[in-house]
Amino acid sequence: MLATDLRFEIARSHIGDTRTLDGGALKRLFEEMEAEGLARLRTSFDGPARTTRSVDMRYGEQVFEITVGLDRVDWTRADPLPQIVELFHRRHEELYTYSLPDQETVLVNARVAVTGILAALPQEPALPAAPPSAPRSERRIYLDDWVSAPVYDFDALAPGQQIAGPAIVEGAMTTVLLRPGEGAAVTPLGWLDIALSQG
Numbered sequence: 011m012l013a014t015d016l017r018f019e020i021a022r023s024h025i026g027d028t029r030t031l032d033g034g035a036l037k038r039l040f041e042e043m044e045a046e047g048l049a050r051l052r053t054s055f056d057g058p059a060r061t062t063r064s065v066d067m068r069y070g071e072q073v074f075e076i077t078v079g080l081d082r083v084d085w086t087r088a089d090p091l092p093q094i095v096e097l098f099h100r101r102h103e104e105l106y107t108y109s110l111p112d113q114e115t116v117l118v119n120a121r122v123a124v125t126g127i128l129a130a131l132p133q134e135p136a137l138p139a140a141p142p143s144a145p146r147s148e149r150r151i152y153l154d155d156w157v158s159a160p161v162y163d164f165d166a167l168a169p170g171q172q173i174a175g176p177a178i179v180e181g182a183m184t185t186v187l188l189r190p191g192e193g194a195a196v197t198p199l200g201w202l203d204i205a206l207s208q209g
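The sequence shown begins at 11 in my numbering and counts up by one.
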């Protein structure tokens, strides 16, 4: 959550047949929503921001809408509606394998998302290369039967080291049991990437 960008979403119902809507008015609506979102963002964040626009649309007889991204719309044009309608047809075909260009299209909601881009968090450094560490001991454990399992010290494991079960990995905060057929690989940051058996 600490690494999540700040995001404000604004939606306005703007129901109407796209053949009768005023494209210029829709363009101004998006500009107003974007300005509102940026004003909200600037009360708590003054870094770089990104805005995205979308609409919820449907064919006239449909009872559900689909969301259509508007990144490819040329907003310098006086009337963006023809482009928006075309993007709706394309998106409908992508989702449902067909479109109905001759049918009435209805715009239901206009949406703007304004996102404040946070700086990336510092990355944890990778562990230095080292040879695989040997088990520190061996322990008898019961897994449907008594077996001997090597016991590894979590903090002594080397990046890239592979451990095959049955085995135990012990650390200050956790104990990991690898059953027969399971395995673990040590990541460059020192965590265990565990592959569970499918049985």
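By construction, the Cβ of each residue, glycine as well, lies at the ideal position given by its N, Cα and C atoms.
Q) Excluding the five sequence neighbours on either side, which residues of its own chain have a C-beta within less than 8 Å of the C-beta of G70, listed in chain order? A) Here residue 70 refers to the residue found at position 60 when the sequence shown is read from its first residue. Hits under 8 Å: D27, Q113, E114, T115, V116.
(Q) So, for L110: in the same chain, excluding its five sequence neighbours on each side, which residues have a beta-carbon less than 7 Å away from its beta-carbon? (A) Here residue 110 refers to the residue found at position 100 when the sequence shown is read from its first residue. For L110, where only same-chain residues beyond five positions count, the Cβ hits under 7 Å are Y69.
**Q.** First through last residue of the alpha helix (DSSP H) which encompasses F98
**A.** Mapped onto the sequence shown, residue 98 falls at position 88. Run containing F98: 91-106, per the alpha helix (DSSP H) assignment.
Q) What residue ranges within the segment 133-180 form continuous beta strand (DSSP E) runs of no fewer than 3 residues, ordered along the chain? A) 147-152, 156-163, 172-174, 177-180
Q: Report yes if the C-beta distance between L167 and A177 is below 7 Å; otherwise report no.
A: The sequence position of residue 167 within the sequence shown is 157, counting from 1. The sequence position of residue 177 within the sequence shown is 167, counting from 1. No, the Cβ-Cβ distance between L167 and A177 is not below 7 Å.
Q) From T53 to R100, what distance separates their C-alpha atoms? A) Counting from 1 along the sequence shown, the entry for residue 53 is found at position 43. Counting from 1 along the sequence shown, the entry for residue 100 is found at position 90. Cα to Cα, the separation comes out at about 38 Å.
Q: Please classify A182: is it buried, with 16 or more other beta-carbons within 10 angstroms of its beta-carbon, or exposed?
A: Here residue 182 is taken as the residue at index 172 of the sequence shown, counted from 1. By the neighbour-count rule (16 or more Cβ atoms within 10 Å), A182 is not buried but exposed.
Q: Name the two residues that bound the continuous beta strand (DSSP E) containing E19.
A: The residue labelled residue 19 in the question sits at position 9 within the sequence shown. Residues 16-27.
Q: For the beta strand (DSSP E) containing R35, list its first residue and its last residue.
A: Start at 1 with the first residue of the sequence shown, and residue 35 comes out as number 25. For the record, residue 35 in the displayed sequence is Ala; it is not Arg. Element bounds for A35: not the beta strand (DSSP E) but the alpha helix (DSSP H), 33-52.
Q | Closest residue to I151 among P145, P160, S143 (Cα-Cα distance) | A | Residue 151 sits at position 141 when you count from the first residue of the sequence shown. Comparing Cα-Cα distances from I151 to each of P145, P160, S143, the minimum goes to P160.
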